[in-house]
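Remarks on the structure that follows.
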Amino acid sequence: MSFSWFVSVDDHLIEPARLWQERLPRRWRDTGPRIVRDGKSEFWVYEDRQIVTTGLNAVAGKTREEFSPEPISYEDMRPGCYEPAARVADMNQGNVLSSILFPSFPRYCGQVFHEAKDKELGLLCVQAWNDFILEEFGAAYPGRFIPMMIIPLWDPVAAAAEIRRTAARGGRSIAFSENPTKLGLPSIHTDFWDPMLEACNETGYVISMHVGSSSNLIRTSPDMPTLAFMAYSAAANQAGTLLDWLFSGIFDRFPNLKIALSEGSIGWIPYFLERAEQVIDKQRFWASRFDIDMNASHERGETKGEAKFNLDTNIRQLFADHVFGTFIEDQAGVRLLDIIGEDNVMLECDYPHSDSTWPDTVKLAGGWLGHLSDEVQHKITIGNAARVYNFTPADPATITL
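With the first letter of the sequence shown counted as 1, position 176 gets the number 1245 in our numbering; the numbers rise by one all the way through.
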């Protein structure tokens, strides 16, 4: 093992109760997100909704026997889940050099504010979350956090403005949906998202798409067992996202764009790249003339349209230039690294969620990566994240343990 620190490209913040109460304009604080206690219960109130924090989202410091999906309060959590200084202390304990934080109360890409009735307040809430990350994490602890922002999903023009505003202050990425149609929004195959995509292309923002950011994890049936669902859904969702983007034509129109498949693992990627090549090779002649619904009933009169994808595209090169996979534990994926590409893989620890390897990530990952060269280990643990997000991590020598 040649590394003692790593960059985690997928962690999570349980927002402190003070966030919107301190950062919203005063006239909005009674209607903005706020914590309410009812006996032993504690939950967020926003518009007409009451939203709890599930225990599986804040298990740091607990044994596996203590994990529970039941709602919890701040008193039940480790302070590193929600307070910046305590988070940095936990990062030091787990040898996390730098971290990317996904939201919790707003959900993985800010869906709660998209679903809200008052979009003026929703935009203010988005901006407050972003400013909190930029100021109380990014600026307060240089090199320790790669600032990832959320956007007003309902308005791509406003989203582009927020991308440019936050990029000027050090932002590096946005959280976006793995499938916006499940949120009632247009697909990435329309021009609806062009203002946002252009802003990301211009600023170098990475589009980070977390598993579950469509609010619709895939199940085979409504009664699919929970553990089977958890084993299946991450790769199933992210495989669809990968192919959607590779066949969208977006990377031709926005050549500087990069996407990260956050908490999607990597072992499934080689198969889907190979399958994409197979369908291009075998199906491209008719597919260049027809874009059809493969679930159609073949009734007479069905609509057919022309394919929009350049069927001469080199899928593997497109992936290598624009797509980056992340993993917590994926020994199969590491064994397939020569197919995926050592420059397209990044490590994460998922603090403080129930899949997390914190605080033992370095020890565990050392076992999976130890057979690789020092150069490749560095790429996966630090170098790729620094390059992809255009970010300079802190110098470990300056960190006091």
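Where a beta carbon is used, it is the ideal one built from N, C-alpha and C, also for glycine.
Answer with buried or exposed for F1354, where buried requires no fewer than 16 other C-beta atoms within 10 angstroms of its C-beta.
For this step, residue 1354 is matched to residue 285 along the sequence shown. By the neighbour-count criterion, in which a residue is buried when 16 or more other Cβ atoms sit within 10 angstroms of its Cβ, F1354 is exposed.
Buried or exposed (CB count within 10 angstroms, at least 16 for buried), R1176
Here the question's residue 1176 lines up with position 107 in the sequence shown. Burial call: buried.
Thinking W1089 and C1194 are a contact (beta carbons under 8 Å), I'd like their distance in whole angstroms, please.
Locating residue 1089 in the sequence shown gives position 20, counting from the first residue. Locating residue 1194 in the sequence shown gives position 125, counting from the first residue. Right, their Cβ atoms sit about 6 Å apart.
Which residue from D1159, A1304, N1383 and S1302 puts its Cα closest to that of D1068?
In the structure as shown, the chain begins at 1070 and stops at 1470. Residue 1068 is therefore absent and cannot be evaluated.
Only counting runs of 4 or more residues, tell me where the alpha helix (DSSP H) segments fall wholly within the stretch 1177-1264, in order along the chain.
1180-1184, 1188-1201 and 1225-1236
For A1127, which of helix, strand or coil comes out of DSSP?
One-based indexing of the sequence shown puts residue 1127 at position 58. Coil at A1127, not helix or strand.
Would you check if there are 3 or more beta carbon pairs closer than 8 Å linking the stretch 1211-1223 to the stretch 1123-1132?
no
Quick one: grab the DSSP three-state call for M1160.
The residue labelled residue 1160 in the question sits at position 91 within the sequence shown. Three-state DSSP puts M1160 in a helix.
For I1120, the first and last residue of its enclosing beta strand (DSSP E):
The sequence position of residue 1120 within the sequence shown is 51, counting from 1. Where I1120 is concerned, the enclosing beta strand (DSSP E) stretches over R1118 to I1120.
Put H1279 into one of helix, strand or coil per three-state DSSP.
As a position in the sequence shown, residue 1279 is number 210, starting the count at 1. Here H1279 sits in strand by DSSP.
From which residue to which residue does the alpha helix (DSSP H) around E1411 run?
Residue mapping note: residue 1411 aligns to position 342 of the sequence shown, counting from 1. E1411 -> no alpha helix (DSSP H), and no H or E assigned at all.
Using a threshold of 8 Å, state whether the C-beta atoms of Y1151 and I1202 are closer than that.
Walking along the sequence shown from the start, residue 1151 turns up at place 82. Walking along the sequence shown from the start, residue 1202 turns up at place 133. In this structure, Y1151 lies away from I1202, with their beta-carbon atoms at least 8 Å apart.
Are the beta-carbon atoms of Y1420 and D1159 separated by less than 8 Å?
Position 351 of the sequence shown, counted from the start, is the residue given in the question as residue 1420. Position 90 of the sequence shown, counted from the start, is the residue given in the question as residue 1159. Closer than 8 Å, so yes.
If I measure Cβ to Cβ from E1417 and keep anything under 6 Å in the same chain, skipping five residues before and after, which residues do I get?
The residue labelled residue 1417 in the question sits at position 348 within the sequence shown. Excluding residues within five positions, the ones whose Cβ falls inside 6 Å are S1077, V1078, D1079, T1395 and I1397.
Residue closest to I1100, alpha-carbon to alpha-carbon, out of L1166, E1144, Q1180 and A1185:
For the purposes of this step, residue 1100 is taken as the residue at position 31 of the sequence shown. The question names Ile, but residue 1100 is Thr in the sequence shown. Comparing Cα positions, the closest option is A1185.
Are P1140 and V1121 touching if we call contact CB-CB under 8 Å?
As a working note, residue 1140 is residue 71 in the sequence shown. As a working note, residue 1121 is residue 52 in the sequence shown. It is a contact, given that the beta carbons lie within the stated cut-off.
Beta carbon of P1221 nearer than 8 Å to that of P1264
Here the question's residue 1221 lines up with position 152 in the sequence shown. Here the question's residue 1264 lines up with position 195 in the sequence shown. No; because the gap between Cβ atoms is not below 8 Å, this pair is not in contact.
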